[in-house]
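>
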């Protein structure tokens with residue numbers, strides 16, 4: 016990654032101007048050469064006393080390069096595509112699409128692709144100059160602009176956001192409006208160059224001088240450098256220096272290399288596989304087994320004594336915490352996990368001992384780093400796989416085991432589609448945030464209760480409920496919340512008051528616990544709440560399941576009566 020402090024030292028000018036810096040424009044060229052071999056390559060900057068602007072040129076046009084023509088050629092970051100109208104010359108009027116890079120005087124620029132466009136909407140824009148990118152480059156690399164990253168980004172195999180082309184606004188650091196630094200990930204640039212058979216041509220200019228005292232160039236000591244793909248001329252005098260020219264960066268990758276890599280990835284030749292403590296039920300043993308495909312057998316591999324692909328490995332319940340805590344990146348469903356734009360774990364479940372279990376075949380499909388994450392929570396089984404997993408995965412039948420949270424989410428999704436007046440749609444994000452707590456963590460338990468309350472209790476809209484009471488001629492207090500309003504609406508509809516109080520009670524209980532567990536209750540009150548939950552149900556996960564079951568029954572009855 017470009018070190019901004021080092022870059023600004025090169026671009027300058029520094030607050031204290033010393034002769035060494037003023038006369039050292041050629042050191043800026045050395046910096047660009049080093050940068051061209053780094054992991055993040057500069058493709059545009061106009062910061063300080065440095066200018067660099069890059070285009071992609073056909074490899075054939077710079078093999079061999081015409082160094083003299085390149086260093087004296089012109090490429091303009093403010094140039095753009097245009098519809099040109101030409102008249103005269105004894106010919107009929109004509110129009111054509113004009114490219115931004117003018118190859119006049121430099122054949123190497125013929126067919127060049129401009130990467131950075133500096134544009135200003137005259138008469139409209141009041142701020143800095145806009146910086147736009149080549150759409151073929153952006154789209155071919157699968158990039159998308161993210162404001163929070165200030166970059167064009169993609170997702171890696173782990174589902175993490177990876178900035179590829181960064182746009183750094185340097186106006187504050189330099190005191191110059193519209194000062195900008197644009198960089199690109201070197202690997203992605205070399206991929207693009209390899210496929211398009213192009214090279215990166217960067218025109219640069221370092222002109223160092225003291226802005227307040229510089230009176231012009233006298234008779235600077237001049238030099239010209241022509242080294243392979245680096246061509247520039249310099250001038251040095253006591254109070255300033257310049258270095259102006261061009262550098263070519265050729266692709267270090269080839270199409271054949273990219274094709275070979277893609278084929279290896281498709282065949283998973285380079286993939287690594289972790290080893291897990293597992294229940295090898297085929298061979299009636301517990302053993303540490305590799306999840307590699309060749310170390311496992313399917314039902315149809317007759318005569319093999321290898322463990323089955325559906326050999327389960329078992330994990331501490333904390334393994335799921337990472338996925339619960341980052342809903343933007345992971346979608347944790349009741350039996351599967353999906354990473355944003357990347358891998359997915361087809362099947363997992365929780366057994367009666369509270370262990371998470373997954374099959375070796377499914378674990379093998381995770382990236383190796385993710386396998387190692389699961390491996391860190393791996394332990395020997397304390398109980399068999401869940402009855403639900405046995406029904407669905409081995410008997411091939413639908414599960415007959417009730418799950419109040421799944422049933423509750425299903426009923427809520429039905430309301431979201433029907434859109435009754437009393438209901439505020441909850442959406443997939445809110446529903447997806449509610450999970451059973453699996454550990455003894457009070458924080459996990461409290462977060463689960465908060466999410467459940469937000470999904471259910473906060474779904475009832477107060478305004479329509481007040482309108483129903485008004486229509487029924489019933490008075491109400493403006494301070495009443497949704498649960499009190501619900502209670503009064505049901506009574507106004509003819510239901511017995513005692514029955515209604517009993518029906519609404521589980522939702523009141525849920526909301527009360529949420530207010531204390533995630534609200535501003537005293538620590539002693541929170542500890543008492545946790546102690547009571549454990550005393551009555553044995554554990555916090557068991558308490559949450561019971562609370563969810565009661566909430567589901569209450570919710571269904573309320574919806575029926577409304």
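In our numbering, the protein residues as written are 16 to 577. All C-beta atoms in this analysis are idealised placements derived from N, C-alpha and C, irrespective of residue type, glycine included.
1. Looking at C-alpha atoms only, which residue of 501, 361, 258 is the closest neighbour of residue 47?
2. When the Cα of residue 240 is compared with those of 250, 324, 182, 423, which residue comes out closest?
3. Please confirm whether residue 372 and residue 328 have their CB atoms less than 8 Å apart.
4. Since I believe residue 133 is in contact with residue 92 (beta carbons under 8 Å), could you give me their beta-carbon distance rounded to a whole number of angstroms?
5. Is the Cβ-Cβ distance between residue 326 and residue 304 less than 8 Å?
6. What did DSSP end up calling residue 471 once you bin it into helix, strand or coil?
7. Looking only at its chain, what residues have a beta carbon closer than 7 Å to the beta carbon of residue 333, apart from the 5 residues adjacent to it on each side?
8. Could you give the residue range of the alpha helix (DSSP H) that holds residue 179?
9. Hey, quick one: how far does the alpha helix (DSSP H) through residue 330 stretch, first residue to last?
10. For residue 195, is the classification buried or exposed, using 16 other Cβ atoms within 10 angstroms of its Cβ as the cut-off for buried?
11. By DSSP, does residue 35 sit in helix, in strand, or in coil?
12. To the nearest angstrom, report how far apart residue 101 and residue 109 are at their CA atoms.
13. What is the residue span of the beta strand (DSSP E) that residue 257 lies within?
14. Please state whether DSSP places residue 249 in a helix, a strand or coil.
15. Going straight from the alpha carbon of residue 473 to that of residue 491, what length do you get?
16. What ranges does the alpha helix (DSSP H) occupy inside the stretch 397–474, keeping only unbroken runs of at least 4 residues that lie completely in it?
17. The alpha helix (DSSP H) that contains residue 90, what's its start and end?
18. At 3 residues or longer, and completely inside the stretch 78–162: list those beta strand (DSSP E) runs for me, N to C.
19. Are the CB atoms of residue 544 and residue 518 nearer to each other than 8 Å?
20. Mark residue 89 as exposed unless 16 or more other C-beta atoms lie within 10 angstroms of its C-beta, in which case mark it buried.
21. Residue 459 to residue 555, Cα distance in whole Å?
22. With a cut-off of 8 Å, do at least 3 Cβ pairs link the stretch 559–571 to the stretch 504–514?
23. Could you spell out where the alpha helix (DSSP H) holding residue 382 opens and where it closes?
24. So the beta strand (DSSP E) residue 193 belongs to, where does it begin and stop?
25. So is residue 452 buried or exposed if we call it buried at 16+ other beta carbons inside 10 Å?
26. Given 8 Å as the limit, is there contact between the stretch 170–181 and the stretch 20–28, that is, 3 or more CB pairs closer than that?
27. Tell me the DSSP secondary structure of residue 72 in three-state form.
28. Shortest alpha-carbon distance to residue 62 belongs to which of 145, 184, 363?
29. Taking the DSSP output, what are the residues bridged to residue 291?
30. Using CA coordinates, which residue listed in 272, 266, 230 is at the minimum distance from residue 252?
31. Residues in the same chain with beta-carbon distance under 7 Å from residue 448, minus the five sequence neighbours each way, listed in chain order, please.
32. State whether the stretch 155–172 contacts the stretch 220–239, with contact taken as three or more CB pairs (one from each stretch) at a distance under 8 Å.
33. Can you have a look at residue 412 and say buried or exposed, based on whether 16 or more other CB atoms are within 10 angstroms of its CB?
34. Alpha carbon to alpha carbon, what distance is there between residue 349 and residue 516?
35. Taking only the alpha-carbon atoms, compute the straight-line gap between residue 124 and residue 73 and give it to the nearest angstrom.
36. Please classify residue 287 as buried or exposed, where buried requires at least 16 neighbouring CB atoms within 10 angstroms.
For this structure:
1. Residue 47 sits at position 32 when you count from the first residue of the chain shown. The shortest C-alpha separation from residue 47 is found at 258.
2. Stepping through the chain shown from its first residue, residue 240 is reached at position 225. For residue 240, the nearest C-alpha among the options comes from 250.
3. Within the chain shown, numbered from 1, the residue matching residue 372 stands at position 357. Within the chain shown, numbered from 1, the residue matching residue 328 stands at position 313. In this structure, residue 328 lies closer than 8 Å to residue 372 by Cβ.
4. Counted from its first residue, the chain shown places residue 92 at position 77. Counted from its first residue, the chain shown places residue 133 at position 118. At roughly 4 Å, the Cβ-Cβ gap stays under 8 Å, so residue 92 and residue 133 are in contact.
5. As a first step, residue 326 is located in the chain shown; it is residue number 311 there, counting from the start. As a first step, residue 304 is located in the chain shown; it is residue number 289 there, counting from the start. Taking 8 Å as the Cβ cut-off, residue 326 and residue 304 qualify as a contacting pair.
6. Here residue 471 refers to the residue found at position 456 when the chain shown is read from its first residue. Residue 471: helix per DSSP, three-state reduction.
7. Position 318 of the chain shown, counted from the start, is the residue given in the question as residue 333. Closer than 7 Å at the Cβ level, and outside the excluded window around residue 333, lie 392, 454.
8. Here residue 179 refers to the residue found at position 164 when the chain shown is read from its first residue. Note, residue 179: premise wrong, no alpha helix (DSSP H); beta strand (DSSP E) at 176–184.
9. Along the chain shown, one-based indexing puts residue 330 at 315. Taken as a continuous stretch (DSSP letters only), residue 330 belongs to no alpha helix (DSSP H), being part of the beta strand (DSSP E) at 327–330.
10. Within the chain shown, the letter at position 180 stands for residue 195. Flag for residue 195 reads buried.
11. By one-based count along the chain shown, residue 35 stands at place 20. Residue 35: helix per DSSP, three-state reduction.
12. To locate residue 101, count along the chain shown from 1; it is residue 86. To locate residue 109, count along the chain shown from 1; it is residue 94. So the two alpha carbons sit approximately 5 Å from each other.
13. The sequence position of residue 257 within the chain shown is 242, counting from 1. Run containing residue 257: 255–264, per the beta strand (DSSP E) assignment.
14. One-based indexing of the chain shown puts residue 249 at position 234. Three-state result, residue 249: strand.
15. Here residue 473 corresponds to residue number 458 of the chain shown, with the count starting at 1. Here residue 491 corresponds to residue number 476 of the chain shown, with the count starting at 1. C-alpha separation (whole angstroms): 19 Å.
16. 402–408, 419–433, 442–447, 457–471
17. Residue mapping note: residue 90 aligns to position 75 of the chain shown, counting from 1. Taken as a continuous stretch (DSSP letters only), residue 90 belongs to no alpha helix (DSSP H), as it is neither H nor E.
18. 97–103, 106–113, 131–134, 145–148, 159–161
19. Indexing the chain shown from 1 puts residue 544 at position 529. Indexing the chain shown from 1 puts residue 518 at position 503. Not in contact: residue 544 and residue 518 (Cβ atoms no closer than 8 Å).
20. Taking the chain shown and counting its residues from 1, one reaches residue 89 at position 74. When all chains shown are included, residue 89 counts as exposed.
21. If you number the chain shown from 1, residue 459 lands on position 444. If you number the chain shown from 1, residue 555 lands on position 540. If I take the Cα positions, the gap works out to 9 Å.
22. no
23. Here residue 382 is taken as the residue at index 367 of the chain shown, counted from 1. Residue 382 -> no alpha helix (DSSP H), and no H or E assigned at all.
24. Within the chain shown, residue 193 is the residue found at index 178, counting from 1. Careful: residue 193 lies outside any beta strand (DSSP E) and carries neither H nor E.
25. Working through the chain shown from its first residue, we reach residue 452 at position 437. Answer is buried; the Cβ neighbour count reaches 16.
26. no
27. One-based indexing of the chain shown puts residue 72 at position 57. The answer is strand: DSSP assigns residue 72 an E or B state.
28. The count along the chain shown starts at 1 and reaches residue 62 at position 47. Ranking 145, 184, 363 by Cα distance to residue 62 puts 184 first.
29. In the chain shown, the residue the question calls residue 291 occupies position 276. Paired residue(s): 304.
30. Here the question's residue 252 lines up with position 237 in the chain shown. Considering only alpha carbons, the answer is 230.
31. Taking the first residue of the chain shown as 1, we reach residue 448 at position 433. For residue 448, where only same-chain residues beyond five positions count, the Cβ hits under 7 Å are 342, 466.
32. no
33. Residue numbering aside, residue 412 sits at position 397 when the chain shown is read from its first letter. Answer is exposed; the Cβ neighbour count stays below 16.
34. Within the chain shown, the letter at position 501 stands for residue 516. Within the chain shown, the letter at position 334 stands for residue 349. Taking the straight line joining both Cα atoms gives about 32 Å.
35. Residue 124 sits at position 109 when you count from the first residue of the chain shown. Residue 73 sits at position 58 when you count from the first residue of the chain shown. Going by the C-alpha atoms only, they are around 8 Å apart.
36. Stepping through the chain shown from its first residue, residue 287 is reached at position 272. It counts as exposed.
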